[in-house]
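Counted the way mature numbering (1 follows the signal peptide of the UniProt record, and there is no 0) counts, the sequence shown spans residues -19 to -1, 1 to 125.
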Amino acid sequence: MKKYIILLMMMFFTVGTHSVYSDSAETLQNKYLPLFEEIEQKAVNELNFLIDEAYIEYERKKEKGELTVPILFAYIEKGKQLEEEIDKDFQTILAHMKREITEKGLPETLAAPFEKQYLKSKRKNKLHILKNITLEGHTISFER
């Protein structure tokens, strides 16, 4: 009889722990997902603004007969600065999330999907820009 009581207690503890783990993981994901989405939206908005600004400047210079190539280099630099700013924002939130994961004793792998998605999104957007760079039309825009 003692064996069954111990077995039942172990099952309850294991199921209870799993339930707490699942709830904590879900709560953590629900807490941080909106923050990551906010960063993504900020990046999209600022990138679209940068593209609009570059195109307007290009059109002005083109109308005046001025060289337009330097615009490309200037906006590449602005794009790098934007990327660094967004990376910093993302890494700050990711660090908070990882710290909270550690404090709650949850698996560190919970943060991996967020990091993976961020890197995937960055690669996709860079490819989108490279495929669509044209100074003959204003066709690049990003959506979240």
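Beta carbons are placed, not taken as given, at the ideal position from N, Cα and C, and that holds for glycine. Remember, predicted model here, so these are calculated numbers, not experimental data.
For residue i, three-class secondary structure by DSSP
i      : result
Lys107 : helix
Gly86  : coil
Ser60  : Going by the sequence as given, residue 60 is Gly instead of Ser. Gly60: helix per DSSP, three-state reduction.
Thr49  : coil
Inter-residue CB distance, residue i and residue j (contact presumed, cutoff 8 Å)
i     : j     : result
Lys79 : Glu64 : Actually they are not in contact, since the Cβ atoms of Lys79 and Glu64 sit about 22 Å apart, beyond 8 Å.
Cβ-Cβ distance between residue i and residue j below 9 Å
i      : j      : result
Ala35  : Tyr13  : no
Gly60  : Leu100 : no
Asn106 : Leu28  : yes
Leu16  : Ile82  : no
Same chain, Cβ closer than 8 Å to residue i, neighbours up to 5 away in sequence not counted
i     : result
Leu87 : Tyr2, Ser5, Ala6, Leu9
Proximity test, residue i beta-carbon vs the ligand ZN heavy atom, cut-off 8 Å
i     : result
Leu48 : Inclusion of the ligand ZN in the displayed structure is not the case, the ligand content being empty and no account of it being possible.
Nonlocal neighbours in the same chain, by C-beta distance under 7 Å from residue i, ignoring five residues either side
i     : result
Gln98 : none
With a threshold of 8 Å, are at least 3 pairs of Cβ atoms found where one atom belongs to the segment 9 to 21 and the other to the segment 67 to 77?
yes
On the three-pair Cβ rule with 8 Å, is the segment 90 to 97 touching the segment 37 to 53?
Contact fails: fewer than three Cβ-Cβ distances are below 8 Å.
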